[in-house]
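Asks: A single structure is presented below for examination.
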Amino acid sequence: MTNDLTLNNGLHIPSIGFGVFQSAPEETAAAVETALAAGYRHIDTAAGYGNEREVGDGIRRTGIDRNDIVIETKVWVSDYGYDETRHAFDKSATKLGVEQIDLLILHQPMPQHFDRTIQAYRALERLLADGQVRAIGVSNFLPHHLAALREQTEVVPAINQVELHPYYTQPAVQRANADLGILTQAWSPIGGITFYPGWGEDRRSVLDDETVGRIAAAHGKSPAQVMLRWHLQRGRSVIPKSTNAQRIAQNIDVFDFVLSPDELIAIDALDRGVRGGPDPDEVDPSTWDLIIPEP
Ligand code: A2P
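Residue numbering for the sequence shown follows the numbering used here, starting at 1091 and increasing by one per position.
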């Protein structure tokens, strides 16, 4: 198995990308630099994370050819609408310091304003046709959002980035993605959402899971590495986040062992069917309050 996946429009991306959600701007450039030095060639950020500029800085500091790096970012909901989303591209590209964005996706559906979600996606289609982006997609779309999108737009999303870790595997979303030829990309792939401080009480970290721990011990790998390998063997893209150099390196060092079919099934069976993040159908209208600043 290699660190490579092909999207439905032929674009190749590394299966392991580097995540920077909740990475403070002052830590982000250094983390991106460390990740690229460790071998990552795909960075996932978002306008809503407030660290696109630092992602661009980190990339430039390494001197690695920009064309060798897949940059993925997301349009925030307050920029949905045709003209607004085209302008969102300009804002993100300027902050990142690039002419072209490799993968531009909608951060989440706005079920109460699906018309604006559709207009935003049509703007992505236009950006794709104009060559300003190389692939387009969505995030946090449930099967009925995908179905509604497909009815009203032309281009099948290349990816759907959703919460996915052993405690929340979203089989219906994975099936819908697969049926449409959409790559499932896992956010919080090692279950960070199960232990982020301030995201709820009484939650067990999947990093401490007994089954994952047993499998990790059997392979001489860490629980995080076992989870990442499980995603890859299931055909998913992952974007683990870390600001720690050792863990950044560890999370891409997953190509020297193979999980058995029984081990994959044992990890699949850990699903509790309870999401850690917000329900995409019950988006808190306060998400509209975040305005993405001009560069
Ligand atoms: P840190 O940045 O201090 O490494 P996810 O991407 O699934 O949301 O997980 C991110 C969380 O997991 C962060 O809190 C990150 O903290 C931590 N983390 C990242 N890699 C590892 C690892 N290999 N082992 C343990 N924790 C990790």
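All C-beta atoms in this analysis are idealised placements derived from N, C-alpha and C, irrespective of residue type, glycine included.
I need the DSSP call for L1095, collapsed to helix, strand or coil.
Replies: Reduced to three states, the DSSP call for L1095 is strand.
Asks: Tell me which residue opens and which closes the alpha helix (DSSP H) that D1147 is part of.
Replies: Its alpha helix (DSSP H) spans residues 1142-1152.
Asks: With hydrogens ignored, establish whether the beta-carbon of K1311 is closer than 7 Å to any heavy atom of ligand 1.
Replies: No, since every heavy atom of ligand 1 falls outside the 7 Å radius drawn around the Cβ of K1311.
Asks: What residue from G1227, P1256, L1236 has the CA that sits closest to D1371's CA?
Replies: Of the listed residues, the one whose Cα sits closest to D1371 is L1236.
Asks: For A1276, which of helix, strand or coil comes out of DSSP?
Replies: Strand.
Asks: Per DSSP, what are the beta-bridge partners of I1283 in this structure?
Replies: DSSP, once it has assigned bridges, lists no residue as partnering I1283.
Asks: I need the DSSP call for Y1172, collapsed to helix, strand or coil.
Replies: Reduced to three states, the DSSP call for Y1172 is helix.
Asks: From what residue to what residue does the beta strand (DSSP E) around T1124 run?
Replies: Premise fails: T1124 lies in the alpha helix (DSSP H), 1115-1128, not in any beta strand (DSSP E).
Asks: Between which two residues does the alpha helix (DSSP H) holding Q1323 run?
Replies: From DSSP, the alpha helix (DSSP H) with Q1323 extends over 1313-1323.
Asks: Note down, in chain order, each residue of its chain lying with its Cβ closer than 8 Å to the Cβ of S1295, except the 5 sequence neighbours on either side.
Replies: Taken in chain order, the residues that qualify are G1281, T1284, F1285.
Asks: Count the other C-beta atoms from every protein chain shown that fall within 10 angstroms of the C-beta of A1349, then say buried if there are 16 or more, exposed otherwise.
Replies: The residue you asked about is not Ala; residue 1349 is Leu in the sequence shown. Buried, because 16 or more other Cβ atoms sit within 10 Å of the Cβ of L1349.
Asks: Is the beta carbon of I1329 closer than 8 Å to that of V1316?
Replies: No, the Cβ-Cβ distance between V1316 and I1329 is not below 8 Å.
Asks: Are there three or more Cβ pairs, one per stretch, closer than 8 Å when the stretch 1137-1144 is compared with the stretch 1107-1126?
Replies: Counting Cβ pairs under 8 Å, three or more are found: they touch.
Asks: Just the Cα atoms here: how many angstroms apart are R1176 and R1224?
Replies: Their backbone Cα atoms lie some 15 Å apart in a straight line.
Asks: Indicate the three-state DSSP secondary structure (helix, strand or coil) for Q1112 in the structure shown.
Replies: In the structure shown, Q1112 sits in coil (DSSP, three-state: anything other than H, G, I, E or B).
Asks: Just verifying my parser: in three-state terms, what is the DSSP assignment at Q1198?
Replies: Reduced to three states, the DSSP call for Q1198 is coil.
Asks: Please determine whether the Cβ atom of T1274 lies at a distance below 7 Å from any heavy atom of ligand 1.
Replies: Checking the Cβ of T1274 against ligand 1 gives no.
Asks: R1337: beta carbon under 7 Å from a heavy atom of ligand 1?
Replies: Yes, the Cβ of R1337 comes within 7 Å of a heavy atom of ligand 1.
Asks: Name the residue from I1159, I1161, A1178, V1160 whose alpha carbon lies nearest to the alpha carbon of S1168.
Replies: The option with the nearest alpha carbon to S1168 is A1178.
Asks: Can you find a heavy atom of ligand 1 that lies under 7 Å from the Cβ of P1115?
Replies: Not under cutoff, so the answer is no.
Asks: Do G1107 and E1253 come within 8 Å of each other at the CB atom, strictly closer than that value?
Replies: Contact flag unset, no.
Asks: R1131 and V1160: beta carbons closer than 8 Å?
Replies: It is a contact, given that the beta carbons lie within the stated cut-off.
Asks: If distances are taken between C-alpha atoms only, which option among S1312, Q1190, T1377 comes closest to H1203?
Replies: Nearest C-alpha to H1203: T1377.
Asks: How about G1148: is its Cβ closer than 7 Å to a heavy atom in ligand 1?
Replies: G1148 Cβ: outside cutoff for every heavy atom of ligand 1.
Asks: Excluding the 5 residues preceding and the 5 following Y1172 in the sequence, name in chain order all residues of the same chain whose CB lies nearer than 7 Å to its CB.
Replies: Contacts found: Q1209, R1212, A1213.
Asks: Tell me the residue span of the beta strand (DSSP E) that contains Q1251.
Replies: 1249-1253 is the span of the beta strand (DSSP E), which, as asked, contains Q1251.
Asks: For ligand 1, any of its heavy atoms closer than 7 Å to the Cβ of P1247?
Replies: Incorrect: P1247 has no Cβ contact closer than 7 Å to ligand 1.
Asks: Just to confirm, is the Cβ distance from N1250 to Q1198 under 8 Å?
Replies: Contact: no.
Asks: Mind checking which residues open and close the alpha helix (DSSP H) that includes E1241?
Replies: Per DSSP, E1241 belongs to the alpha helix (DSSP H) from 1233-1242.
Asks: Among the residues of its own chain, which have a CB less than 6 Å from the CB of H1102, if the five just before and after it don't count?
Replies: If we look at H1102 and ignore the five residues flanking it on each side, its Cβ neighbours are D1094, T1096.
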